[in-house]
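Notes follow once the structure below has been shown.
Protein chains in written order, with the numbering used here: chain A, 25 to 333; chain B, 46 to 294.
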């Protein structure tokens, strides 16, 4: 019941956000806002595994790009599929990859797990780069429709709304988990995996749930990307900046709660967009680095950590 | 004191080989714990006590042998079962070094001990019982586990294992890192629990003198082999092997 109330509230916030963006009446607001929303989903998804269970995933870009390339494949084979359906397919594929990665790598703990996820991202990128059907290293062009299919407005507004809804869904899932038995199991794994196991927490099962859910949401976030950029190549789809940003955002916001990644993504994502426009796009990554160093030293528990004791 | 139907649990390990990757730790270990018995597994560091405990709990996969738990007359082969299924059978485990959740409160730690579905209907009853047996924990129920003394933490670790209502309790080195007085108190508490819960207990311990105070029988493990089996505390006490391998005399 509380979860339903939260989702309704989140939907109201989302509707207000969209209305405000429409009022500004500038297409760039939607382009910039889309990126921030995409990072809310990615950071929230990362946090389900990285924040709740403590397994730091460096392979965000792989799940994200797999979602995007799923759309490319679908676009080239069955053109008529609506975007939400493509996102669902992308999410399922990335989720399955997440499950497989979990099976292969969850014996590893700490740094070793992180290195394995990074390696997996490199492997996935190599495979896509050498797959001609999706354009290989030349990349793939996708023509973006000009108008939104469900309301009057630009297609970018439609992408914005879709990503807005996906953020509501991901944040609701993350919040529901945090207050559930599953969430307690996750944090037991994070605090002391052996003790969790001794208490009868099915650690492998829970970790697989986390990798699947986290990977699936990342894939869903990546699925609309080809329509957003209209030209997708492996180097940009698998860019390391996705991995770095999605780790930095929850760390800055606070990893223990659902709110942390949201705050981190809104703050850092907006700052990056502003910096890209006003100064330079290269500077935006420097900004992430500096903020991360600052927060690790001054507020290791993130912004949310300031307010809880 | 006993609030549960008294039913029997026993453990029988035969010909167990186990290790990590290419390194074999346990060689042909045979050991048993009968109903209502407290059995001490004695040995210094690095002889395989914890590996044996983890094998029983399904945390280490043995390469040969069998581990059979008989609970209420039903035999269960534990090898191949998942840890959570083994906990469900009624086998509790207190890991070495207590391994509490330091950022959770005492009560929350106890609740984590009742994570299994089977343990949940009795949560209130079991918490009340834990607080009755360990009054100190009741006083500190809202305190963070990490901020308590070593002795209190060991009590909490024992209590947490009791939350799944076990019939067979494995305790790995309860004395580790405790002051001598607290070691004695912890060992006494284990005896008290065993009596009031009708538990069968397998306790790994380095502290020979303390362990045999409450043990009915004991095994000495050296380099992964059971080197001596003592049918009584006295037999263990008078053994040359123990003097040689264990006490270093």
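Glycine included, each C-beta is placed from N, C-alpha and C at the ideal position.
Does the beta-carbon of residue 43 (chain A) have 16 or more other beta-carbons within 10 angstroms, so that it is buried, or is it exposed? Exposed, by the Cβ-count rule.
Tell me whether residue 101 (chain A) is buried or exposed, calling it buried when 16 or more other Cβ atoms sit within 10 Å of its Cβ. Residue 101 (chain A) should be labelled exposed.
Beta bridge counterpart(s) of residue 68 (chain B) as assigned by DSSP: Answer by DSSP bridge pairing, in chain order: B:65.
Can you check the segment 148-228 of chain B for any beta strand (DSSP E) of at least 3 residues that lies completely inside it and give the ranges in chain order? The qualifying runs are 213-217.
Check whether residue 83 (chain A) and residue 144 (chain A) have beta carbons under 7 Å apart: In this structure, residue 144 (chain A) lies closer than 7 Å to residue 83 (chain A) by Cβ.
For residue 48 (chain A), is the classification buried or exposed, using 16 other Cβ atoms within 10 angstroms of its Cβ as the cut-off for buried? It counts as exposed.
Count the other CB atoms, across all protein chains shown, that sit within 10 Å of the CB of residue 100 (chain B); report buried if there are 16 or more and exposed otherwise. Result: buried.
Under 8 Å: do the segment 67-83 of chain A and the segment 279-294 of chain A share three or more Cβ pairs, one atom per stretch? The segment 67-83 of chain A is in contact with the segment 279-294 of chain A.
Determine the burial state of residue 131 (chain B): buried for a count of at least 16 other Cβ atoms within 10 Å of its Cβ, exposed for fewer. The C-beta of residue 131 (chain B) has 16 or more other C-beta atoms within 10 Å across all chains shown, which makes the residue buried.
Assuming the contact rule is C-beta atoms closer than 8 Å, residue 254 (chain A) and residue 168 (chain A) should be a hit. Round their C-beta distance to whole Å, please. Sure, about 5 Å apart at Cβ, within 8 Å.
Cβ pair residue 266 (chain B), residue 92 (chain B) closer than 7 Å: Yes, they are a contact pair.
So for residue 73 (chain B), helix, strand or coil by DSSP? Residue state, collapsed to three classes: strand.
Cβ-based contacts, 9 Å cut-off: residues of the segment 181-210 of chain B near chain A: Legend: CB atoms of the segment 181-210 of chain B lying less than 9 Å from CB atoms of chain A belong to residues 202, 205, 206, 208 and 209.
Residues of the segment 241-270 of chain B whose Cβ lies closer than 9 Å to any Cβ of chain A, in chain order: Flagged: no residues at all.
So which residues of chain B does residue 212 (chain A) contact, with C-beta pairs closer than 8 Å? Within chain B, the residues 146, 157 and 160 have their CB atoms less than 8 Å from the CB of residue 212 (chain A), given in chain order.
On the premise that residue 262 (chain B) lies in contact with residue 277 (chain B), defined as a C-beta separation below 8 Å, what is that separation, rounded to the nearest angstrom? Their Cβ separation, rounded to whole angstroms, is 7 Å, which keeps residue 277 (chain B) and residue 262 (chain B) in contact under 8 Å.
How should residue 169 (chain B) be labelled, buried or exposed, when 16 other C-beta atoms within 10 angstroms of its C-beta is the threshold for buried? Exposed, by the Cβ-count rule.
Can you check the segment 125-213 of chain A for any alpha helix (DSSP H) of at least 4 residues that lies completely inside it and give the ranges in chain order? Whole alpha helix (DSSP H) segments, 4+ residues: 134-153 and 179-202.
Taking 7 Å as the threshold (beta carbon to beta carbon), is residue 221 (chain A) in contact with chain B? By this cut-off, residue 221 (chain A) is an interface position.
Are the CB atoms of residue 163 (chain A) and residue 256 (chain A) nearer to each other than 7 Å? Yes; because the gap between Cβ atoms is below 7 Å, this pair is in contact.
From residue 305 (chain A) to residue 265 (chain A), what does the alpha carbon distance come to, in whole angstroms? Looking at the two C-alpha atoms, the distance is approximately 12 Å.
For a contact defined as C-beta to C-beta under 7 Å, what are the partners of residue 140 (chain B) on chain A? From the beta-carbon of residue 140 (chain B), the residues of chain A found nearer than 7 Å are 218, 219 and 222.
Indicate whether the contact test is met: 3 or more Cβ pairs, each with one atom in the segment 193-212 of chain A and one in the segment 104-119 of chain B, closer than 8 Å. The segment 193-212 of chain A, when compared against the segment 104-119 of chain B, does not touch it at the 8 Å Cβ threshold.
Run through DSSP, which three-state label would residue 102 (chain B) get? If DSSP states are grouped into helix, strand and coil, residue 102 (chain B) belongs with coil.
Applying a beta-carbon distance threshold of less than 7 Å, which residues of chain B neighbour residue 209 (chain A)? For residue 209 (chain A), the chain B residues whose Cβ falls inside 7 Å of its Cβ are 160, in order along the chain.
Give me the DSSP bridge partner(s) of residue 57 (chain B). The partner list for residue 57 (chain B) (beta bridge, DSSP) reads B:77 and B:113.
Taking 7 Å as the threshold (C-beta atoms), are residue 203 (chain B) and residue 139 (chain B) in contact? The Cβ atoms of residue 139 (chain B) and residue 203 (chain B) lie closer than 7 Å to each other.
Between which two residues does the alpha helix (DSSP H) holding residue 46 (chain A) run? It spans 26-48 - the alpha helix (DSSP H) in which residue 46 (chain A) sits, taken as one unbroken run.
Using a threshold of 7 Å, state whether the C-beta atoms of residue 164 (chain B) and residue 116 (chain B) are closer than that. For residue 164 (chain B) and residue 116 (chain B), no; Cβs fall outside 7 Å.
Measuring straight from C-alpha to C-alpha, what distance separates residue 172 (chain A) and residue 232 (chain A)? Cα to Cα, the separation comes out at about 37 Å.
Considering only their Cβ atoms, is the gap separating residue 86 (chain B) from residue 264 (chain B) smaller than 7 Å? Against a cut-off of 7 Å, the Cβ pair of residue 86 (chain B) and residue 264 (chain B) comes out as a contact.
Can you check whether the CB of residue 53 (chain A) is closer than 7 Å to the CB of residue 45 (chain A)? Cβ atoms of residue 45 (chain A) and residue 53 (chain A): closer than 7 Å.
Decide if residue 207 (chain B) is buried, meaning its Cβ has at least 16 other Cβ atoms within 10 Å, or exposed. Residue 207 (chain B) is buried by the Cβ-count criterion.
Since residue 111 (chain A) and residue 247 (chain A) should fall inside the 8 Å C-beta cutoff, what is the C-beta to C-beta distance between them, to a whole number of angstroms? Yes, they are in contact, since the Cβ atoms of residue 111 (chain A) and residue 247 (chain A) sit about 4 Å apart, within 8 Å.
Per DSSP, the bridge partner or partners of residue 275 (chain B): Answer is B:263.
For chain A, find out if any of its Cβ atoms is closer than 7 Å to the Cβ of residue 128 (chain B); answer yes or no. Cβ-Cβ to chain A under 7 Å: yes for residue 128 (chain B).
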